[in-house]
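Numbered according to this note's numbering, the sequence shown terminates at residue 306, and the numbering increases by one at each position without gaps. C-beta: ideal position from N, C-alpha, C; glycine also. Quick notes on the structure that follows.
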Amino acid sequence: GMERARGAAEAELATLPAGRASLPPQARRESSQMRREVQALAQAQAENESHRGTQVLAPQAGEIAALLAAPGQPVVAGQTLATLLPAGAALEAELWVPTRSAGFVRAGMPVWLRVDAFPYARYGQLPAHVREVSRSTVAARDLGDVHAADEPGVAAPDNVFRVTVTPDPDAPTGAAIAWRQSLKAGMHVQASLETERRTLVEWALEPLAAWRVAAK
Numbered sequence: 091g092m093e094r095a096r097g098a099a100e101a102e103l104a105t106l107p108a109g110r111a112s113l114p115p116q117a118r119r120e121s122s123q124m125r126r127e128v129q130a131l132a133q134a135q136a137e138n139e140s141h142r143g144t145q146v147l148a149p150q151a152g153e154i155a156a157l158l159a160a161p162g163q164p165v166v167a168g169q170t171l172a173t174l175l176p177a178g179a180a181l182e183a184e185l186w187v188p189t190r191s192a193g194f195v196r197a198g199m200p201v202w203l204r205v206d207a208f209p210y211a212r213y214g215q216l217p218a219h220v221r222e223v224s225r226s227t228v229a230a231r232d233l234g235d236v237h238a239a240d241e242p243g244v245a246a247p248d249n250v251f252r253v254t255v256t257p258d259p260d261a262p263t264g265a266a267i268a269w270r271q272s273l274k275a276g277m278h279v280q281a282s283l284e285t286e287r288r289t290l291v292e293w294a295l296e297p298l299a300a301w302r303v304a305a306k
């Protein structure tokens with residue numbers, strides 16, 4: 091290897107006479123060339139040692155939510171090695187709502203979350219509220235294994251809005267208290283959003299009432 095080549099060059103260099111002035115011109119040139127090669131090998135060896143291990147520092151304190159590389163696995167520059175959950179960060183849910191259902195979704199709207207890891211029939215639902223609704227849509231095909239909310243018998247949506255949901259700070263009563271502390275980043279959830287409650291008759295009569303107001 092590189093270390094063996096450097097050792098051989100140093101040994102060969104050591105066999106040369108100590109007084110370079112007494113050497114013929116060709117021998118002096120060979121001696122200088124050999125010294126340069128030894129220095130180059132030493133520098134290359136030092137650089138190789140420095141690249142043998144690289145320390146990657148997290149941008150802030152926290153805990154690992156997902157480890158995406160295994161020990162000994164080759165990695166390249168820019169590759170994601172892990173995802174971090176900042177210390178003290180509050181968990182939020184990301185919902186993907188089809189465009190046909192997003193018209194009445196707004197910040198502050200009550201939401202009930204059902205976590206797939208905790209069956210709803212046994213553990214109940216987690217109260218939350220909408221914190222933010224994205225201003226633009228995302229192509230549903232880009233979500234990977236995350237599925238947007240859809241309705242039975244309705245074709246899967248092409249585009250969706252991202253809705254950020256924050257669990258309510260007050261702990262729920264009943265069975266949900268025990269599992270709330272076990273929530274982890276990356277868990278899949280389903281959600282029910284409470285839109286404005288009206289009867290079908292009220293929804294049907296509202297356009298007529300609006301027309302009458304405009305006619306006056």
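Starting from the Cα of Ala159, find the closest Cα among Val146, His278, Val250 and Gly214 and give me that residue. Closest option to Ala159, Cα to Cα, is Val146.
In whole angstroms, what is the alpha-carbon distance linking Glu184 and Pro257? Linking Glu184 to Pro257 through their CA atoms gives a straight-line distance of about 11 Å.
Exposure of Pro209, with buried meaning 16 or more beta-carbon neighbours within 10 Å: The residue is exposed, with fewer than 16 neighbouring Cβ atoms inside 10 Å.
Near Pro176, which residues of its chain fall below 6 Å by C-beta distance, leaving aside the five closest residues on each side in sequence? Within the same chain, Pro176 has close Cβ partners Gln150 and Gly152.
Contact under 8 Å by Cβ, Ala172 with Ile154: Against a cut-off of 8 Å, the Cβ pair of Ile154 and Ala172 comes out as a contact.
Rounded C-alpha distance that separates Leu203 from Arg196: Within the model, the alpha-carbon separation for Leu203 versus Arg196 is close to 16 Å.
Based on DSSP bridge pairs, tell me the residues matched to Glu378. The displayed coordinates of the chain run from 91 to 306. Any statement about residue 378 would go beyond what the structure contains.
With DSSP as the reference, label Glu120 as helix, strand or coil. In the structure shown, Glu120 sits in a helix (DSSP, three-state: H, G or I).
I need the straight-line Cα distance from Pro200 to Leu216, nearest angstrom please. Straight-line Cα distance between these residues: approximately 11 Å.
Which value, in whole angstroms, describes the spacing of the CA atoms of Thr189 and Glu222? Here the alpha carbon of Thr189 sits roughly 15 Å from the alpha carbon of Glu222.
Take Ala167 as the anchor and find which of Glu182, Thr144 and Trp186 has the nearest alpha-carbon. Minimum Cα distance to Ala167 is reached at Thr144.
Would you identify the three-state DSSP class for Gln280, choosing helix, strand or coil? Per DSSP, reduced to three states, the secondary structure at Gln280 is strand.
What three-state label does DSSP hand Val128 in the structure shown? Residue state, collapsed to three classes: helix.
Should Phe251 be labelled buried (16 or more other beta-carbon atoms within 10 Å of its own) or exposed? When all chains shown are included, Phe251 counts as buried.
In the structure shown, what three-state DSSP assignment does Arg231 receive? Of the three classes helix, strand and coil, the one that applies to Arg231 here is helix, per DSSP.
Flag this pair as yes or no: are the beta carbons of Val255 and Ala281 separated by less than 8 Å? The beta carbons of Val255 and Ala281 sit closer together than 8 Å.
On the DSSP bridge assignment, give the partners of Thr254 in chain order. Paired residues: Glu184 and Glu222.
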